[in-house]
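Input: a single structure, listed below in structure tokens.
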């Protein structure tokens, strides 16, 4: 319930029998205009549902080997609150990746266009090197920001 509230999730289910879990996940996956279906579990009975869901989350410390192998994500300390942290970290990481793609392609396209138009003159080679190596270093430094959020989990 706490995870659903933190993530503003509309519907969630708990305390289902193993057959009810599979039935419920199939129902969710068949729904038109559905979003991403996530399932969190720790037992051997959860393995079929973990592998069927879009995102399977296994509780690793007490979970069975079958559940851990079937899952996409394994929480090693069985704290469901970590799910919200993992999702926030993943969203932050994707945002940084998109920034790096825009930065890299934007600078390289700009240098290519300026070079094709002859606007760089004798500075063409140093600017081309910066567009290649310098932007790579900037992208790496920007990507290192994701490490800060991973230390908080």
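Numbering (this note's numbering), first residue to last: 6 to 158.
Using N, Cα and C, we set each Cβ at its ideal position, and we do this for glycine too.
With a 10 Å radius around the Cβ and a threshold of 16 neighbouring Cβ atoms, residue 85 comes out exposed. Sorting 130, 25 and 108 by C-alpha distance to the C-alpha of residue 148 places 108 at the top. DSSP places residue 42 outside both helix and strand once states are collapsed to three, so it counts as coil.
In this structure the segment 97 to 105 does not lie against the segment 24 to 35, because fewer than three pairs of beta carbons, one per stretch, are closer than 8 Å.
Note that the C-beta distance between residue 63 and residue 76 is below 8 Å. Between residue 7 and residue 47, the gap from beta carbon to beta carbon reaches 8 Å or more.
Assigned with DSSP and collapsed to three states, residue 122 falls in coil, not helix or strand. In the three-state scheme derived from DSSP, where H, G and I count as helix and E and B as strand, residue 62 is classed as strand.
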